[in-house]
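Below: the structure, in structure tokens.
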Amino acid sequence: MSHAASGQGGNSIIVRQYNERVILSALRRLGEASKADLARQASLTQNTAGQIVRELELQKLVRSVGKRSGARGQPATMLRLDPDGAYSIGVKLGRRSTDALLVDFSGNVLEAHRQERVFPRPDEALNLVLAEIEALRGRIPITTHGRLAGVGLAMPYNLGSWRRELGLSRDLCAAWAEFDLAAELRKRLDVSVFVENDGTAVAVAELFGGLGREFDDFVSVFIGTAIGGGLVLRGECRQGATSNAGDIGLMPTSPSLLASSPPPERPSELLLTRASVGSLIRHLDANGVRAASRAELEAAISGHPALVGEWIEDCADALVNPLLSIASVLDVEAIVINGDLPPRLIDQLLRRLETLLAQAAPEARQPPKLRFGTVGRNAAALGAAILPFHFNYSPVQQILFGTGA
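Letter by letter, the sequence shown follows residues 41 to 445 in my numbering.
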């Protein structure tokens, strides 16, 4: 993470505000820390860190949570973000569902809503998202109504693309290609709206609420209707030149051997065609098994293990070369995999992947370390909810945001 040293030149107020943000960002990643921990993390003296913490306590952004015992000397006072310091609403709009969360400043999910609606029209999606935001705003305690930091929106940047690969409606794809949901929300809301692609939003959630507390360098992969990803380097999410860094779904892989897969149009196939919840649903449907909703999909997974096993084998095979390529180019500490699937199924996929990667790893190189993500099926909505906190309270604004508030 980027840090400001004490005594840094420039306007003292700007330096102090910057250092406050460094402390807040460090606490968001660490979860709990002492003043000494924060001083080390922020490259500040303990005296300076202590002064900043006192100011943040007065702003009700940080609070003490007790003493740390077991260490030598006097027990250290432990600090956390104050849950009531601010609130945020995160919305994930996907091709099959919408998830909306109300989150407090420490990252606790206070309320979660999910609506399953397969690829809604743009106007339907706008009304749905506005209704969810209004409902969640009503759940913020009356005494803290003025502390809504904003609304975060996570969605595929190209929602109307890959019609053939994902089996989508031509007319709806065309309608979405001309619709800017974030712009329409900004016209109608009196709070700031921050938008990020859903793959990067999952990486944000993992960085600040999951394995980002263990790794500074990782690639995040999320298996949803399509498959997406995000990139974290040196403890910061990286967008890339076109805000699509980590977009693993467009990496080439060999065509599927499953009869349920669409006929390939080129020698290689896009990864999202084979490694996605959409491809699992397509395989089940081709074999006469309905899986239109999450509940139906989970019932199908339990009731048709042979079909699911065929998909796992095909999905894992499709992922091997892309994951090896990622490991070779980026040399990250881990590849973190989440998905909108039952945990037991992701675990089966990871075990098969580990076997195939070990077999395919080149000489003198270890296969990439795979880790099961910790932020769960609502990862994109959680990452979206973190975006307003990051923009308002982070020392590094330009890393995450390709669009303004």
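In this text, a Cβ means the ideal position worked out from N, Cα and C, and glycines have one as well. All of these numbers come straight from a predicted model, not from anything done at the bench.
Inset, instruction - Tell me whether the beta-carbon of A424 lies closer than 7 Å to the beta-carbon of A241. - result: Against a cut-off of 7 Å, the Cβ pair of A241 and A424 comes out as a contact.
Legend entry - C-alpha gap between A358 and T313, whole angstroms: Their backbone Cα atoms lie some 9 Å apart in a straight line.
Inset, instruction - Name the two residues that bound the continuous alpha helix (DSSP H) containing N361. - result: Taken as a continuous stretch (DSSP letters only), the alpha helix (DSSP H) holding N361 covers 345–370.
Legend entry - Supposed contact pair L422 and R253 - C-beta distance, whole angstroms, cut 8 Å: About 15 Å; that fails the 8 Å criterion.
Inset, instruction - Just confirm the distance between the C-beta atoms of V102 and V93, as a whole number of angstroms; I'd bet it's less than 8 Å. - result: The Cβ separation is near 6 Å, so the contact holds.
Inset, instruction - Could you check which residue in R179, S319, A194 has the C-alpha nearest to that of L208? - result: Distances from the alpha-carbon of L208 to those of R179, S319, A194 put S319 closest.
Legend entry - Within 7 Å, strictly: CB atoms of L225 and V233: By the CB criterion at 7 Å, L225 and V233 fall inside the cutoff.
Legend entry - Cα-Cα separation between T138 and E156, rounded to whole angstroms: Cα to Cα, the separation comes out at about 6 Å.
Legend entry - Through-space distance from D287 to N237, alpha-carbon basis: For N237 and D287, the distance between alpha carbons rounds to 10 Å.
Legend entry - Buried versus exposed call for L98 [16 or more other C-beta atoms within 10 Å across all chains shown]: By the 10 Å Cβ count, L98 comes out exposed.
Inset, instruction - Note down the Cα distance separating A214 from R391, rounded to an integer number of angstroms. - result: Cα to Cα, the separation comes out at about 39 Å.
Legend entry - Counted within 10 angstroms of its Cβ, other Cβ atoms place L297 as buried (16 or more) or exposed: Per the 10 Å Cβ criterion, exposed.
Inset, instruction - Would you check if there are 3 or more beta carbon pairs closer than 8 Å linking the segment 266–278 to the segment 140–152? - result: Too few Cβ pairs lie closer than 8 Å, so no.
Inset, instruction - Mark P435 as exposed unless 16 or more other C-beta atoms lie within 10 angstroms of its C-beta, in which case mark it buried. - result: Buried: at least 16 other Cβ atoms inside 10 Å.
Inset, instruction - Pull up the distance between the alpha-carbon of G90 and that of L67, whole angstroms please. - result: Rounded to the nearest angstrom, the two C-alpha atoms are 14 Å apart.
Legend entry - Of the residues G192, Q81, N432, the one placed nearest L229, counting alpha carbons only: Closest option to L229, Cα to Cα, is G192.
Legend entry - Beta-carbon proximity of P160 to F219, cut-off 7 Å: Not in contact: P160 and F219 (Cβ atoms no closer than 7 Å).
Inset, instruction - Check whether the segment 321–332 touches the segment 373–390, counting contact only when three or more Cβ pairs, one atom from each stretch, lie closer than 8 Å. - result: Pairwise C-beta distances place the segment 321–332 out of contact with the segment 373–390, as fewer than three of them are shorter than 8 Å.
Inset, instruction - Return helix, strand or coil for V242, following the three-state DSSP convention. - result: Of the three classes helix, strand and coil, the one that applies to V242 here is helix, per DSSP.
Legend entry - Through-space distance from G249 to F255, alpha-carbon basis: Distance between the alpha carbons of F255 and G249 is about 12 Å.
Legend entry - Whether A478 touches S128 by CB criterion (7 Å): Residue 478 is absent from the structure shown; the chain starts at 41 and stops at 445.
Legend entry - Whole-angstrom distance between L273 and M41, CA atom to CA atom: The predicted position of M41 is uncertain, since its pLDDT is 36 and thus under 50; a value taken from the coordinates is nonetheless stated next. One C-alpha to the other measures close to 9 Å.
Inset, instruction - Let me know if N87 comes out buried or exposed under the rule of 16 or more other beta-carbons within 10 Å of its beta-carbon. - result: Its Cβ having fewer than 16 others within 10 Å, N87 is exposed.
Legend entry - For A152, three-class secondary structure by DSSP: In this structure, A152 counts as strand in the three-state DSSP scheme.
Inset, instruction - Please go through the segment 228–295 and give each complete alpha helix (DSSP H) segment of 4 or more residues, from N-terminal end onward. - result: Counting only runs of 4 or more, we get 238–249.
Legend entry - Limits of the unbroken beta strand (DSSP E) element including V376: For V376, the enclosing beta strand (DSSP E) stretches over residues 374–379.
Legend entry - Three-state secondary structure assigned by DSSP to R56: Note: R56 maps to helix in three-state DSSP.
Legend entry - Rounded C-alpha distance that separates L410 from N378: It is roughly 11 Å from the alpha-carbon of L410 to the alpha-carbon of N378.
Inset, instruction - Answer yes or no: do L168 and A152 have a C-beta to C-beta separation smaller than 7 Å? - result: No; because the gap between Cβ atoms is not below 7 Å, this pair is not in contact.
Legend entry - A2 vs V62 beta-carbon contact at 7 Å: Residue 2 lies beyond the residue range present for the chain, which begins at 41 and ends at 445; the question has no answer from this structure.
Inset, instruction - Quick one: give me the first and last residue of the alpha helix (DSSP H) that F159 is part of. - result: Element bounds for F159: n/a, residue is neither H nor E.
Inset, instruction - In angstroms with no decimal places, state the Cα-to-Cα distance between Y197 and E350. - result: Linking Y197 to E350 through their CA atoms gives a straight-line distance of about 30 Å.
Inset, instruction - Select from L170, I341, H185, S316 the residue whose C-alpha is nearest the C-alpha of K227. - result: Residue L170 is the option with its Cα nearest to K227.
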